[in-house]
Structures are given as C-alpha cells and as structure tokens.
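**Student:**
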Amino acid sequence: MSSKFEPFLALEASAGSGKTFALSVRFVALVLMGAKINEILALTFTNKATSEMKERVFKTFLEFDMLENGEDKAECKELMKMLDKSKDELMALREKYKEDFLRSKLNIYTFDSFFSQIIRSFALNLGFMSDFEIIQSQDSYKNFISKLNKEELNTLAYYIIQTKSKSDFLKNLESLYEKSCEIKTIKNVHFPSKTSLEESLNKFITYAKTLSTDKNYQKNFNFENIEDFFTKPIICNLEKKYFEKIIDSEFLQKRAEFLQKVKEYFIQMENYRINILAKLLAHFKEARNEDNIKQNALTFSDIALKCYELISDEANKDLIYFRLDGYISHLLIDEFQDTNVLQYQILKPIIAELVSGEGVKKNRSFFYVGDKKQSIYSFRGGKKELFDKLLKDFPQIKLEHLDTNYRSKKLIVDYVNEVFKDKFFDSFNRSSFTLQKSVKEGGYVEILQNQIASKSTLYQASGKEVLKIIQKLLEKGIKLSEICILVWINKDATLMKEFLEENGIKAYTQSSVTLMDCISVRVLFEYAKACVFKDEFSLYFVNSILEKDLTYTELDLNRSVGEILKYLVHILQLDLSDINLIAYLEYASTFDNFIDFLFYPCELKSLQAQDDGVSIMTVHKSKGLEFENLIVLDRLSKGSNEAQTLMFEYDLEQGWEVKYRHSVRKYLEDENYNSFLMKREKLQAEDEVNCLYVALTRAKNSLFIIKNDESFKTFKSYFKDYEEKQIGILENKVQHQEKSLKNLEQIEEFEQFQKVNLQEVKIKSQLFSKQIHFGLALHEFLQYFDFNTKNNYEFCKQMIYKKYRFFLDDESFKDLFKRLTMLLENENFNKLLSQKTLLKEQIITYNGEQKQLDMLALSDDEAIIIDYKTGLNLNEHKKQVLLYKEAIEKILAKTSTKAFLVYVLKDKVEIIKI
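Just so we're aligned, residue 940 is where the sequence shown starts under this note's numbering, counting upward by one.
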C-alpha cells in the first residue's frame, strides 16, 4: 500500500463535513490501488444510504477527472493526495481497472442485508432452508404463553399490570430479545416476604413516634402505604427544624437499621424479578425460534441474532470467519456511532483479522466513519462508545477528524460552534468538540421566544411565531417546499400541521403521508392494476399524471412480484433513487403472489418529504437530511414518563445491567442502585444534547429557533439558556433563470415548448423486445449527452449500462455504443448542430395535439429538427417529421426551417433531409 494511504483509519466527521465523500473516495482509491472489487465490503444502515453510496462511488470513479468551475474536482485532489499520484497517473489506473469495475458488483450493503447473506450460507446449521423468507414481524405470543407455568403466568400478570398493558410488556420483551439481552441470574432466589418488611417498619415507627409531640413531626406517621411513608421528611429530609431536638446517635442508628432492612428487601425483589424475567425471555426465544423454523421465515432482528448465534458456536465460528476472511480484504463502515452491541460483536472478529495483517490475504484495510455527537438512536441499541472502544482495542487504527462544514453557511456554523463548544466531553471529562469551519459565506440565525396569551395553548403560541417566520421567508422569494419545521415527538408534528392548515399554510408530516399517497408509488400501483385487470380508470390516471399515452402491458405473473414491478418501473421510467419507491418495492418483495399483492392494502408511511408544502418532522427523522430554511421548535408536549418496572442498560465492561425500579429505592443510600441511576441520567442528558446538535446542524441557509415563554413552567425548555438574537441578514432568494434563446422574436409562442421526460415508444405486443430497449437506450444517451463540451460520454455510457443491463446483452451494448460513436464523430451531423442553441426532448402543442421532438437546433434565423431512428421505415418516419416541420414553421416563423431523419444504423449513419 502507498505510504499516503492509511490502511486502518477511523474518521470522526462532524455534521455536513462529507462522510459520504470520504467513504466513496476511499472505495475508489482501493480500486485504483488494484484491490479486487469483490473483496471490498461497505456497510451502512439504510437502503437509501446504500443507494446513495453506490451512486457516489460509481460517479467518483468515472468522473473524478472532470473540471468543476475550471478546477480539479475535490475527489480528484483527494485521490491525488491519498495515492501520491498525478491526475494523469490516476486516469491511467482507471483505464487499467475500468472494465473490471464496470462488470463487477459493488458489495455495498446494509448490515441487515450482509447478515442475511451469511445466514443463507449457513441456514442448514440453524435448522432453516436457505430460501427462508424475510418478514416484517413475527407473532410468537400465543406459543410463548403456552410454555409458562403457574408462577411464570402470575409474574407475567404482574409485569403487565406494572406496564399498564399487555401489548406494552410484550413489546418490551421483544425489545430485549432483539437486543440479545443476556440477563445474569442468581441461584436460590425466592419472592421476599413483605411481612418481614412490615415488622421492621412498625418497629421503627413505634420507636420514632414517641420522640416528639410536635404536630408537624407527628404528620410523618400519617400515611397510606410504605411508598407514601418514604416521601415523609423522616426518610427523605432531616433538615426540618423539628428534627433538631430529636436527632441523636440512637435515632440515626435505628433509622439506618430500618433503611438497611428495606434495602435488602428490594434487592431480593430485584433478584427475584430478574430471574423470572430471564425465564420469560428464554421461553420467548424458544417460542420465536420454533415459529421461525416452522414458517422458514426470519425478521431482520432474527437474522442478526442468528448471525451472533452462529459465531458464538465454536464448531461453526472458525469456518464462518475463514470463509469471510477469504473474500473480505477491505471493510468500510458508515455511521459507526449508530452501531449496536450485536452488530459490533459479529463484526469484531472480521475487523481483528483485517487489522492484524494476518489471515488468508495480506495488504488489507479497515475504515470506519461516524460522529458521536450525532448518536441519537440509543433507544434502538446504538452505542456511541463503540466508536472509541474500537480505537482502544486496536491501537493500530489511526484517528482523523473532518472539521470543514460543506452544508451550512458560515454564520450558522459559527453559531453551532458557540452553542456546543462546552457541551461534549470525552471519558476523562475533557472537551471533545471540534470547532468547524465553513466554506460558504453568509447565513442567517434568529432565536426568538413565543408569547403565551391567556386562553392560548403552547403550540398555538409557537404556531403564531412560525406563521410570522414563514411569511418573512415567502417575502424573500422562498417557497413553502424549501421550509422545514423540526419538532420532538410525532404528536407535536400533528398539532403543528393542523395549526398551519387552519391558517392557510399547506403542510405535511412524515406520518401524515402514506406510501400509497406518494405519486411515484401510486402511479406504479395503478399501472400494475391497469395491466392485470384492464382497468381503464387506472390507465387514464397514469397517463394523466405522466402525460403519456401508455397502453396495457402483458405481464408474466409467474415471475416474482419484485421482478414484475421493477419491469413496470422501467416502462414507466420512474426514478429508482426515490426512497419511497424503494420502500414500496421492498414491501412488495414480501408477497409470493402478484394478485394478492394488488388486493392487500399497504399501510406503510412515506419515508421522505413531498414537494408541495412545509415539511414537518421529528428531529430523529431529520438525521442525515438537510434543509434550505429550518425552524426548530422547543418542546410542545411533556415527554412520556418512564414507568417500566425493570430498567436496562448495556455497559461495555460489565455487559447488561438490570435494575428493579421503585420510588422508595432512591432514599435507601444504595450506592449500586444510585450509581446506575446516575449513569442512566447522564446518558439521557447526552442523548438530549446530541438531538439538539442534530437539529441545529440540518440548516443550510437560515436557522430559526423558537424557545418557550419564560413564564411557562409545566416542563423544561430545551432552549432556556439560548439568548434571543438575530445574526446576519436574511437575503432574497436568487432566482435562477432558464437560459434565454438569443434573438427569438416570438418568445411568447415558444412558451408552448416544455421540458418532458424521454420520448416514449408505444409498447404493445413487442414489450419484451430488445429492439425497443435498444431504441430507448440510444434516445436516453443522446438526451443526456453534452454536445457542447462532449466531456460526459463515459458518464452517459455507464448510466445507460446500469439502467438497461437487465434488458440488453453485451453484444447489444457493443452495437449501441459503436453506433453512438459513429454518430458523434459524423461530420455532417456535427455541422447541423454547429453554433446552434440545442433543445432536447421538447414537446410542442399544435392543432390540439402534442408532438415530441428529439432535438431542435436553433440559430437567429434557422430552426433544424432532428429525429433519431435505429431502423429504416422511411415513409412512416417521413410523415411524422413533416408534421414536426409544419408545427415549428408556424410557431417560430424562422427564415428557414429544416427537418432531418438521422438513421443511426449498424454500419453507418444516414442523414436524410425531409
């Protein structure tokens, strides 16, 4: 490996500093260094992140040599620095490895997807068939209940009462199962006798009651139950004046003896409850496993657990890691701060092999990137401490920081630096916050306070301030779709949405938009329905939305649901980077029968914003996103109180810790229990700061913070200490005008032209023909090709390859790119385009009909129409182009209007003037 390339690297990347950039550049660097592409593995958490990463790696590899604003791109500079190579040397390396790169599958997966591949390889070892189904959830509760004895059923009833509902407790049990919670049990533990506790209480009261006749003192002994007694000053507050004459060594000793008895009682109760819970959990695991094997189905949580089960078995462990060691030479992990303990335990042996320099292969590497300040998923098991633990366990890993913010403007970055510089600390209580720099000047920050009028609610007070801000932004030329409001819980989002809509502002929440309400998903569903049932209404809906003239498509219903839908996506030319569409395709893949899929209602919610109103979402949902203009609200609702009887925390040194919660215990001077509570409160406080950091770092151009009225005391304000102020100037939005056409006299008539998608080919019986896809591929290449600079040929080529690789074989691609090269090098074709303004894929409306042109080349006095064809049918094609010519002559009234058919044939380019 080159001396400039760090083989073992941890990258701590603050918000907006380019994590995806760093990871994709490193992936490309490995390829240029000669790493086998199938031995590079990248892992992240979501399908959206996976898609973005693949696209970024692909684009970086093919386009790093292009100029950006007259300079080398940042990717090129970083690769030159990382590999100690010149630009020409990098380009030569790319040529050397390009064919292998383009033909290889990029191993970029979610953790879930990677673990499922491992399980499929070893499914028989676990009692499953390798074709097991991945399901959303598994209901094992009936099987679980059937396994309980009388004592366990009684305990289950107790827990259900304590957690208010059966479903809550069972969800908690499932959560423990999913987190692979290993509960340590204690032998010979029994349910403690409450009689002994009551005797100790009566003995202490009999003694203490006689010590004073003071009325206030005697009130200590008026209580309904033991919990009530522990709220009395005699237990929790000896500072009262009437205790001065009472407190002596004997009183303190007897009080301490009583508290010790109570402490012992609750420790016994804790051990008993933990033991029973361990048994319940064991039964739940057994029931879940039985149901999974019976159905040959696993949830993603099951898959991770089964992976851990495999590697925990010494008989399988060596074989599994030997196989993985044989094909993973380079590992890259994104968002490492969100890694949970189970994922870490599965991956740690692989990481150990990579950084040891031993194993099946040499010259290997390991890279992970994340930001502990953005760790906000501890409730899902994420442990930010694992980021530093890896550095401690493997000192050969070097740590670097990214401290430049490419997202937010300077004044926002400076404000975030000021707010959080004293909020983050390492394990030695030293400040661990890295001040960020910004590359973008300007920005606007405003912190203001709502005013709660009489008979007004908190959300109404905040809503009024939001309305003022929205009005201010609209006056600056900013659209509603460029504004986002962040709240803290879903309930707040719903309240704010209703308030804005009542005041005439269109708004939506993530939870208010169903997946089926997303236009791409609805179009796909309606077209599928139209094709299967010959539904005219559905077909009309699709054609109305897409402004096309599609016909019914014959579908092979023997194919999988996913395959059918992906084919329809291609026909409809929908954007496969749309995360809602990805989510819908994943949901569809859980069905075996296409007809069942069409009839079964999809109740999933949208995963991303629509573009026709103010977006409102929770801070947790905003992670990884960015917004032009951001409004962050203070708390509008009181958070839910923790009421779980048992509390769980995972300690990296001690493993799982479980404590029995009771209001009395905080008065018992139990160091172990109090230490646990303090640690828990500290983690919760850190999570709160992390959430605030995530919230404020989503803003790009402007940031507004609305804090609660200082008179409001019902619950704590997140922004109590934030000073009201305005920083910077809120600027008018720069309106980007479309490129004007020089000397176009009749511009008002030319407004009939509008930008549309790629020219549609009517598809009937020849739907699966290579001919159709060949023609589509050629048209799409020419639509995106830059005829002025001609510098994006490789990008267009790879884009077409990616999109049509399932429909065209290698020979077809070879023929396609040969034809395109002939066309682009054709002297007569280039003369037609020379010194012209080029408009591609334009619709014209003429005589009540819409026509679409492949290319319109314009000069001051001339219009040239170009229509591409890949097969000869001159008479039919001539009629079509003559109509185009007639329309352009009437609309533009140029001195000269010419039309050409450009036949891009197998062995020649033939240009025919019409």
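A virtual CB, placed ideally from N, CA and C, is assigned to each residue, including glycine.
Indicate whether the contact test is met: 3 or more Cβ pairs, each with one atom in the stretch 1210-1229 and one in the stretch 1071-1083, closer than 8 Å.
**Tutor:** Taking 8 Å as the limit for Cβ pairs, the verdict is that the stretch 1071-1083 does touch the stretch 1210-1229.
**Student:** Please identify the residue among 1564, 1608, 1669, 1651 whose C-alpha is closest to the C-alpha of residue 1638.
**Tutor:** Here residue 1638 refers to the residue found at position 699 of the sequence shown. Measuring from the Cα of residue 1638, the nearest candidate turns out to be 1564.
**Student:** Determine contact between the stretch 1055-1074 and the stretch 971-986, defined as no fewer than three beta-carbon pairs at a distance below 8 Å.
**Tutor:** The stretch 1055-1074 is not in contact with the stretch 971-986.
**Student:** Going by beta carbon distance, what residues of the same chain come within less than 6 Å of residue 1595, once the five residues before and after it are set aside?
**Tutor:** Locating residue 1595 in the sequence shown gives position 656, counting from the first residue. Closer than 6 Å at Cβ, skipping near neighbours: 1120, 1121, 1589.
**Student:** Going straight from the alpha carbon of residue 1696 to that of residue 1780, what length do you get?
**Tutor:** By 1-based counting over the sequence shown, the position of residue 1696 is 757. By 1-based counting over the sequence shown, the position of residue 1780 is 841. Unreliable placement is indicated for residue 1696, whose pLDDT of 40 sits below 50; the coordinate value is still reported in the next sentence. Their Cα atoms are separated by approximately 7 Å.
**Student:** Write down every uninterrupted run of the alpha helix (DSSP H) in the stretch 1501-1527 whose length is 4 residues or greater and which is fully enclosed by it, in chain order.
**Tutor:** Here the runs fully enclosed are 1518-1527.
**Student:** Check this for me: beta carbons of residue 1420 and residue 1636, under 8 Å apart or not?
**Tutor:** Taking the sequence shown and counting its residues from 1, the one referred to as residue 1420 is at position 481. Taking the sequence shown and counting its residues from 1, the one referred to as residue 1636 is at position 697. Not a contact, by the Cβ cut-off of 8 Å.
**Student:** Touch check for the stretch 1430-1440 and the stretch 1390-1400: three-plus C-beta pairs under 8 Å?
**Tutor:** Result yes; three or more Cβ-Cβ pairs closer than 8 Å.
**Student:** Excluding the five sequence neighbours on either side, which residues of its own chain have a C-beta within less than 7 Å of the C-beta of residue 1340, listed in chain order?
**Tutor:** Sequence index remark: in the sequence shown, residue 1340 carries index 401 (1-based). Correct list, in chain order: 951, 1373.
**Student:** Grouping DSSP H, G and I as helix and E and B as strand, with all else coil, what is residue 1120?
**Tutor:** Taking the first residue of the sequence shown as position 1, residue 1120 is located at position 181. Correct three-state label for residue 1120: coil.
**Student:** Apart from the five residues on each side of it in sequence, which residues of its chain come closer than 7 Å, Cβ to Cβ, to residue 1665?
**Tutor:** Walking along the sequence shown from the start, residue 1665 turns up at place 726. Taken in chain order, the residues that qualify are 1385.
**Student:** Could you pull out every unbroken alpha helix (DSSP H) segment of at least 4 residues lying fully inside the stretch 1601-1684, listed in chain order?
**Tutor:** Whole alpha helix (DSSP H) segments, 4+ residues: 1610-1635.
**Student:** Just reading off the beta strand (DSSP E) that residue 1808 is part of, what are its end residues?
**Tutor:** Numbered from its first residue, the sequence shown carries residue 1808 at position 869. Element bounds for residue 1808: 1801-1808.
**Student:** Keeping to the same chain, check which residues put their C-beta closer than 7 Å to that of residue 1364; ignore five residues upstream and five downstream.
**Tutor:** Here residue 1364 corresponds to residue number 425 of the sequence shown, with the count starting at 1. For residue 1364, where only same-chain residues beyond five positions count, the Cβ hits under 7 Å are 1370, 1371.
**Student:** Roughly how far, in whole angstroms, is the beta-carbon of residue 1247 from the beta-carbon of residue 1281, given that I think they are within contact range, below 8 Å?
**Tutor:** Within the sequence shown, numbered from 1, the residue matching residue 1247 stands at position 308. Within the sequence shown, numbered from 1, the residue matching residue 1281 stands at position 342. Contact holds; Cβ gap of about 6 Å.
**Student:** Note down the Cα distance separating residue 1768 from residue 1762, rounded to an integer number of angstroms.
**Tutor:** Residue 1768 sits at position 829 when you count from the first residue of the sequence shown. Residue 1762 sits at position 823 when you count from the first residue of the sequence shown. In a straight line, the C-alpha of residue 1768 is about 7 Å away from that of residue 1762.
**Student:** When you compare only the Cα positions, how much space is there between residue 1250 and residue 1128?
**Tutor:** Position 311 of the sequence shown holds residue 1250. Position 189 of the sequence shown holds residue 1128. Residue 1250 and residue 1128: Cα-Cα distance of roughly 32 Å.
**Student:** DSSP puts residue 1796 in a beta bridge; with which residues?
**Tutor:** Translated into positions along the sequence shown, residue 1796 becomes position 857. For residue 1796, which the question treats as bridged, DSSP gives the partners 1777, 1803.
**Student:** Measure the C-alpha to C-alpha separation of residue 1277 and residue 1443 and round it to an integer number of angstroms.
**Tutor:** The residue labelled residue 1277 in the question sits at position 338 within the sequence shown. The residue labelled residue 1443 in the question sits at position 504 within the sequence shown. For residue 1277 and residue 1443, the distance between alpha carbons rounds to 39 Å.
**Student:** Can you tell me where the alpha helix (DSSP H) holding residue 1387 begins and where it ends?
**Tutor:** Residue numbering aside, residue 1387 sits at position 448 when the sequence shown is read from its first letter. First-last for residue 1387: 1383-1388, but that is the beta strand (DSSP E), not the alpha helix (DSSP H).
**Student:** With H, G and I counted as helix, E and B as strand and the rest as coil, what does DSSP make of residue 1311?
**Tutor:** Here residue 1311 refers to the residue found at position 372 of the sequence shown. Correct three-state label for residue 1311: helix.
**Student:** Kindly indicate which residue of 1416, 1643, 1607 has the alpha-carbon position closest to the one of residue 1388.
**Tutor:** Mapped onto the sequence shown, residue 1388 falls at position 449. The shortest C-alpha separation from residue 1388 is found at 1643.
**Student:** Indicate the three-state DSSP secondary structure (helix, strand or coil) for residue 951 in the structure shown.
**Tutor:** By one-based count along the sequence shown, residue 951 stands at place 12. Note: residue 951 maps to strand in three-state DSSP.
**Student:** Provide the residue span of the beta strand (DSSP E) that contains residue 1159, from first to last.
**Tutor:** Along the sequence shown, one-based indexing puts residue 1159 at 220. Segment: none, residue 1159 is in no beta strand (DSSP E) and carries neither H nor E.
**Student:** Measure the C-alpha to C-alpha separation of residue 1266 and residue 977 and round it to an integer number of angstroms.
**Tutor:** Here residue 1266 corresponds to residue number 327 of the sequence shown, with the count starting at 1. Here residue 977 corresponds to residue number 38 of the sequence shown, with the count starting at 1. Their backbone Cα atoms lie some 7 Å apart in a straight line.
**Student:** Compute the distance between the beta-carbons of residue 1047 and residue 989, then report whether it is under 8 Å.
**Tutor:** Along the sequence shown, one-based indexing puts residue 1047 at 108. Along the sequence shown, one-based indexing puts residue 989 at 50. Yes, they are a contact pair.
**Student:** Please classify residue 1314 as buried or exposed, where buried requires at least 16 neighbouring CB atoms within 10 angstroms.
**Tutor:** The count along the sequence shown starts at 1 and reaches residue 1314 at position 375. With 16 or more other Cβ atoms within 10 Å, it is buried.
**Student:** Measuring alpha carbon to alpha carbon, tell me which of 1245, 1321, 1308 ends up nearest residue 1279.
**Tutor:** As a working mapping, residue 1279 is identified with position 340 in the sequence shown. The shortest C-alpha separation from residue 1279 is found at 1321.
**Student:** Compute the Euclidean distance between the alpha carbons of residue 1630 and residue 1446, then round it to the nearest angstrom.
**Tutor:** In the sequence shown, the residue the question calls residue 1630 occupies position 691. In the sequence shown, the residue the question calls residue 1446 occupies position 507. Roughly 23 Å separates the two Cα atoms.
**Student:** Answer yes or no: do residue 1269 and residue 979 have a C-beta to C-beta separation smaller than 8 Å?
**Tutor:** Looking up residue 1269 in the sequence shown gives position 330. Looking up residue 979 in the sequence shown gives position 40. Taking 8 Å as the Cβ cut-off, residue 1269 and residue 979 qualify as a contacting pair.
**Student:** Where residue 1571 and residue 1359 are concerned, what is the direct C-alpha to C-alpha distance, given to the nearest angstrom?
**Tutor:** Taking the sequence shown and counting its residues from 1, the one referred to as residue 1571 is at position 632. Taking the sequence shown and counting its residues from 1, the one referred to as residue 1359 is at position 420. Whole-angstrom Cα-Cα distance: 16 Å.
**Student:** Could you tell me which residues DSSP puts in a beta bridge with residue 1376?
**Tutor:** Mapped onto the sequence shown, residue 1376 falls at position 437. 1343, per the DSSP bridge assignment.
**Student:** Can you tell me the Cβ-Cβ gap for residue 1041 and residue 971, rounded? I've got them flagged as a contact below 8 Å.
**Tutor:** Working through the sequence shown from its first residue, we reach residue 1041 at position 102. Working through the sequence shown from its first residue, we reach residue 971 at position 32. Contact flag wrong, Cβ pair sits at about 14 Å.
**Student:** Below 7 Å CB to CB, which residues in the same chain sit around residue 1807 once its five sequence neighbours on both sides are set aside?
**Tutor:** As a working note, residue 1807 is residue 868 in the sequence shown. Excluding positions up to five away in sequence, the list reads 1717, 1718, 1721, 1793, 1841, 1843.
**Student:** Taking the DSSP output, what are the residues bridged to residue 1836?
**Tutor:** Working through the sequence shown from its first residue, we reach residue 1836 at position 897. According to DSSP, which records beta bridges pairwise, residue 1836 is partnered with 1802.
**Student:** Tell me which residue opens and which closes the alpha helix (DSSP H) that residue 1572 is part of.
**Tutor:** Position 633 of the sequence shown, counting from 1, holds the residue named residue 1572. Note, residue 1572: premise wrong, no alpha helix (DSSP H); beta strand (DSSP E) at 1566-1572.
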